[in-house]
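A.B. asks: Top line first, the protein sequences correspond to chains B and V. First residue of the first sequence: 1, per the working numbering; consecutive thereafter. First residue of the second sequence: 1001, per the working numbering; consecutive thereafter. Here it is, the structure, as structure tokens.
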Amino acid sequence: MSVSEIALAEGQSTDGRGGEFRRGLAASTPVLLGIIPYALVLGAQAAQKGLSVAEVPLMTGLNFAGGSEFAAIQLWTSPPHILLIAAITFLVNSRHFLMGAALAPFINHLPKRQVFPALFLMCDESWAVGLADARRRADAGMRPAFSPAFYLGAALPFYLAWVAFTTCGAALGPVLGDVETYGFALAFPAVFLVLLRGMWTGFAAARPWLVSLVVAALTSLVMPGAWYVAAGALSGLVAAWFPAGER
Amino acid sequence: MIDPMTVLAILAMAGVTYLTRIGGYVVLRNRALGPRATAVMEAAPGCVLISVIAPDFVSKNPADLAALVITVIAATRLSMLPTVVIGVASAGVLRWLMGG
């Protein structure tokens, strides 16, 4: 039973917005474990590059996309090369186009004043948790499948934790040392693997995933930076476009 | 405390990132997709997720690779929180045992 199944079972007894918000909180709590060490590391790295304790939350609060922030900090100079940083940010975050497109059928019916703020909070984790929940609810025959209060409950803790713990990282800086050594690196794959299990519909449907995995892994070995996400995702999509065999 | 060039760079990042966030929705909001495009959209979330964690599958740290195998097995049978705890704990213990 995955977290969204549990959350769904709990959600059926609570119809109110407060209940949906708490259901989202519960679904996102385990994933929060995974982002705190990354946030601390990013803050500490940013401080090393000369960003102040005020500038770090400005970046993580307005941009709120960890992968691109790690990449930008690696490239940071004084003064920063703005075009380069914007271009790298775009490349790393181009996966958001796919994520937004996958979410579009579930949020079409919502008013734009809800959709545009909701999309601001869309990160890998909130998107995955929100989409997995919408798909479960759709399969269970619930309409509308997408629950905005659930999504907010899942997304808001990420935002607050990301901004708060990157700021902590910037303030604590070198005192922390290497938080990666404690095994938290496995929290991310653990979360994503459970989410993938929830999306599993059989080996045939998972064929594009295998293509993505192999291409992304190989790309990460031979190319520096975050190109492997784009390379892996795109080759998986090409595999999905071309069916395995004619019946 | 706050440098104007840094603020400009941050604003550029924030603007670009928000465009990527709303782009997929704005473009696909009012379109009906064909069967192939639907297949692509159904595969897309899994493709993105597995691509993000793909480097962990070719990690140069044997302790992390062993922990990943344990985590994959855990993910096929357990819910989110136990899987995360098992993943983090096995990586911590194996790194300590194997000196990774």
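Built from N, CA and C at the ideal position, the CB exists for glycine as well.
With a 10 Å radius around its C-beta and 16 neighbouring C-beta atoms as the bar for buried, classify B/A171 as buried or exposed.
C.D. replies: Translated into positions along the first sequence, residue 171 of chain B becomes position 171. By the 10 Å Cβ count, B/A171 comes out exposed.
A.B. asks: Chain V beta carbons: is any one of them nearer than 8 Å to that of B/H96?
C.D. replies: Within the first sequence, residue 96 of chain B is the residue found at index 96, counting from 1. It does; some Cβ of chain V falls within 8 Å.
A.B. asks: Kindly list the residues whose CB is nearer than 8 Å to the CB of B/L98, restricted to its own chain and excluding five residues on each side of it in sequence; keep chain order.
C.D. replies: Position 98 of the first sequence holds residue 98 of chain B. Correct list, in chain order: A233 and L237.
A.B. asks: Out of B/L156, B/A54 and B/P37, which has the shortest C-alpha to C-alpha gap to V/D1003?
C.D. replies: If you number the second sequence from 1, residue 1003 of chain V lands on position 3. The residue with the shortest Cα to Cα distance from V/D1003 is B/A54.
A.B. asks: Does the beta-carbon of V/M1080 have 16 or more other beta-carbons within 10 angstroms, so that it is buried, or is it exposed?
C.D. replies: For the purposes of this step, residue 1080 of chain V is taken as the residue at position 80 of the second sequence. Per the 10 Å Cβ criterion, buried.
A.B. asks: Can B/L40 and B/G169 be called in contact, C-beta distance under 8 Å?
C.D. replies: As a position in the first sequence, residue 40 of chain B is number 40, starting the count at 1. As a position in the first sequence, residue 169 of chain B is number 169, starting the count at 1. Yes, Cβ-Cβ distance for B/L40 and B/G169 is below 8 Å.
A.B. asks: Go through its chain and collect everything with a Cβ distance to B/C123's Cβ below 7 Å, but skip five positions before and after it.
C.D. replies: Mapped onto the first sequence, residue 123 of chain B falls at position 123. The residues are F64, A65 and F158.
A.B. asks: Which residue marks the beginning of the alpha helix (DSSP H) containing B/H96, and which one marks its end?
C.D. replies: Working through the first sequence from its first residue, we reach residue 96 of chain B at position 96. First-last of the alpha helix (DSSP H) with B/H96: R95 to I107.
A.B. asks: Does the distance from the CB of B/A102 to the CB of V/P1035 come in under 8 Å?
C.D. replies: Counted from its first residue, the first sequence places residue 102 of chain B at position 102. Counted from its first residue, the second sequence places residue 1035 of chain V at position 35. The answer is no: Cβ separation not under 8 Å.
A.B. asks: Mapping DSSP to helix, strand and coil, what is B/F242?
C.D. replies: Numbered from its first residue, the first sequence carries residue 242 of chain B at position 242. Three-state result, B/F242: coil.
A.B. asks: Taking the alpha helix (DSSP H) that V/V1058 falls in, what are its first and last residues?
C.D. replies: The count along the second sequence starts at 1 and reaches residue 1058 of chain V at position 58. Here V/V1058 belongs to no alpha helix (DSSP H), and DSSP marks it neither H nor E.
A.B. asks: Restricting to Cα atoms, I'd like to know which of B/F184, B/L195 and B/S126 is closest to B/A149.
C.D. replies: The residue labelled residue 149 of chain B in the question sits at position 149 within the first sequence. Nearest option by C-alpha distance: B/S126.
A.B. asks: Might you give, ordered along the chain, the residues of its own chain that have their beta carbon closer than 8 Å to the beta carbon of V/L1078, omitting 5 neighbours on each side?
C.D. replies: The residue labelled residue 1078 of chain V in the question sits at position 78 within the second sequence. Cβ neighbours of V/L1078 beyond the five flanking positions: I1086.
A.B. asks: Which of the three DSSP states, helix, strand or coil, is assigned to V/G1099?
C.D. replies: Against the second sequence, residue 1099 of chain V aligns to sequence position 99. The answer is coil: DSSP assigns V/G1099 none of H, G, I, E or B.
A.B. asks: Please identify the residue among B/A71, B/R22, B/A86 and B/G24 whose C-alpha is closest to the C-alpha of V/M1013.
C.D. replies: The residue given as residue 1013 of chain V occupies position 13 in the second sequence. Cα-wise, what sits closest to V/M1013 is B/A86.
A.B. asks: Does any residue of chain B bring its CB to less than 8 Å from the CB of V/A1066?
C.D. replies: Within the second sequence, numbered from 1, the residue matching residue 1066 of chain V stands at position 66. With 8 Å as the cut-off, V/A1066 does not count as an interface residue toward chain B.
A.B. asks: Mind checking whether V/I1022 and B/L131 have CB atoms under 8 Å apart?
C.D. replies: Numbered from 1 along the second sequence, position 22 holds the residue referred to as residue 1022 of chain V. Numbered from 1 along the first sequence, position 131 holds the residue referred to as residue 131 of chain B. Their beta carbons are not under 8 Å apart, which means V/I1022 does not touch B/L131 by this criterion.
A.B. asks: Let me know if B/T60 comes out buried or exposed under the rule of 16 or more other beta-carbons within 10 Å of its beta-carbon.
C.D. replies: As a working note, residue 60 of chain B is residue 60 in the first sequence. The residue in question, B/T60, is buried, as its Cβ has 16 or more Cβ neighbours within 10 Å.
A.B. asks: B/I73 lies in the alpha helix (DSSP H); which residues open and close that run?
C.D. replies: Position 73 of the first sequence, counted from the first residue, corresponds to residue 73 of chain B. First-last of the alpha helix (DSSP H) with B/I73: G66 to Q74.
A.B. asks: Would B/A233 pass as an interface residue toward chain V - the criterion being a Cβ-Cβ separation below 8 Å?
C.D. replies: Stepping through the first sequence from its first residue, residue 233 of chain B is reached at position 233. Judged by the 8 Å Cβ criterion, B/A233 is in contact with chain V.
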